[in-house]
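Here's the structure, in structure tokens; my notes come after.
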Amino acid sequence: MTHLDDLLAMDLQAGEDDWTPTPHGQWLAAVLVEHDFVSGKDVLELGAGVANHTILLHRRGARSITATEITPGLLETAGANFRRNVGDDVEIDLRVADWLSTDGTFDIVVTNPPFCQSGKQNRRYFLDSLILDGHKRLRPEGELLFVQSSMADVPRTLRRLDQNGYDARVVDSTSGPFRDYYFEDAAFMEEIEGVEGGYEERGGVKYETLSVIHAKLRPWAPHANAHLPGR
Ligand SMILES: C[S@@+](CC[C@H](N)C(=O)[O-])C[C@H]1O[C@@H](n2cnc3c(N)ncnc32)[C@H](O)[C@@H]1O
316 MTHLDDLLAM
326 DLQAGEDDWT
336 PTPHGQWLAA
346 VLVEHDFVSG
356 KDVLELGAGV
366 ANHTILLHRR
376 GARSITATEI
386 TPGLLETAGA
396 NFRRNVGDDV
406 EIDLRVADWL
416 STDGTFDIVV
426 TNPPFCQSGK
436 QNRRYFLDSL
446 ILDGHKRLRP
456 EGELLFVQSS
466 MADVPRTLRR
476 LDQNGYDARV
486 VDSTSGPFRD
496 YYFEDAAFME
506 EIEGVEGGYE
516 ERGGVKYETL
526 SVIHAKLRPW
536 APHANAHLPG
546 R
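If you use the working numbering, the sequence shown corresponds to residues 316 to 546, in order.
Spelled out as structure tokens, the structure:
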């Protein structure tokens, strides 16, 4: 086994309601082990799932980890998997929180945001929310690291990140066949037809591209007479 395989080796257990890692999460994991994005940093992870990334954040040397899930039950799975793989002595702040609705500021926010199954009319809701409001959880020059599908429109994400004060880039991409559940959602299959370059077809098989995106807040201060509360 290589050192990278060692980093990725983990004993994960999941209940019926837990999110089983998909190629999206696996690609973010691969990028986390290949690159040094988190060492020495205070990390906020949104939607920890079965802690597949939470464990890597620790192994890659995060200074502190705050990991969230939307329900206590899902968070319990994340906590149990984290403890089983890293031991009882490592501190972690586990929080039930609705996306960015939590306290504090961090050096970097890491996430695999819900998209196809976001449960929102705007499937990009969690991505767009991250781009618009992620800065509230970030320190100056803070960073975002997340994975998204080509079907969620990567050029749109990069454009919006730039508009919202980030220097952003695609770190690395990979291609993979559609998940079975895409075909079960007729509205999704229709929506993706409107996304330019959203997918490609080879030999009768539909493929999406998965991209990990890194964005860093540019230094900025509001104009002196901006409409801010308390002025
Ligand atoms: C695409 S899954 C990613 C899970 C895991 N990080 C992975 O990559 O395998 C998205 C996760 O976000 C969680 N989630 C959904 N809505 C959320 C919300 N409003 N706030 C926080 N987490 C949420 C889900 O329960 C799920 O675990």
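Glycine is no exception: its CB is placed at the ideal position from the N, C-alpha and C atoms.
Under 8 Å between C-beta atoms of residue i and residue j
i, j, result
"Ser354", "Ala377", "yes"
"Leu371", "Leu390", "no"
"Gly491", "Pro428", "no"
"Phe352", "Leu460", "yes"
"Leu343", "His368", "yes"
"Asn479", "Leu447", "yes"
"Cys431", "Asp500", "yes"
Reduced DSSP category for residue i - H, G, I as helix; E, B as strand; rest coil
i, result
"Tyr514", "coil"
"Asp333", "coil"
"Ser464", "strand"
"Val520", "strand"
"Ser354", "coil"
"Thr381", "strand"
"Ala502", "helix"
Cβ-based burial, residue i [other Cβ within 10 Å; buried from 16]
i, result
"Asn437", "exposed"
"Arg484", "exposed"
"Ala393", "buried"
"Pro387", "exposed"
"Val358", "buried"
"Ser464", "buried"
"Val462", "buried"
"Ala541", "exposed"
"Ala366", "buried"
"Arg439", "buried"
"His538", "exposed"
"Lys356", "buried"
"Trp535", "exposed"
"Val527", "buried"
"Thr472", "buried"
Any non-hydrogen atom of ligand 3 within 7 Å of residue i CB
i, result
"Ile370", "By its list of ligands, the structure shown excludes ligand 3, since it contains just ligand 1."
Supposed contact pair residue j and residue i - C-beta distance, whole angstroms, cut 8 Å
i, j, result
"Glu384", "Val425", "Rounded, the Cβ-Cβ distance is 14 Å, inconsistent with contact."
"Ile423", "Gly449", "Contact flag wrong, Cβ pair sits at about 10 Å."
"Val346", "Val486", "6 Å"
"Met466", "Glu523", "5 Å"
"Asp468", "Val510", "5 Å"
Minimum Cβ-Cβ distance from residue i to chain D less than 8 Å
i, result
"His318", "Although the question refers to chain D, the structure presented lacks it and comprises just one protein chain."
Near ligand 1: residue i beta-carbon under 7 Å from a heavy atom
i, result
"Thr381", "no"
"Asn400", "no"
"Pro338", "no"
"Asp413", "yes"
"Gly362", "yes"
"Trp342", "no"
"Pro429", "yes"
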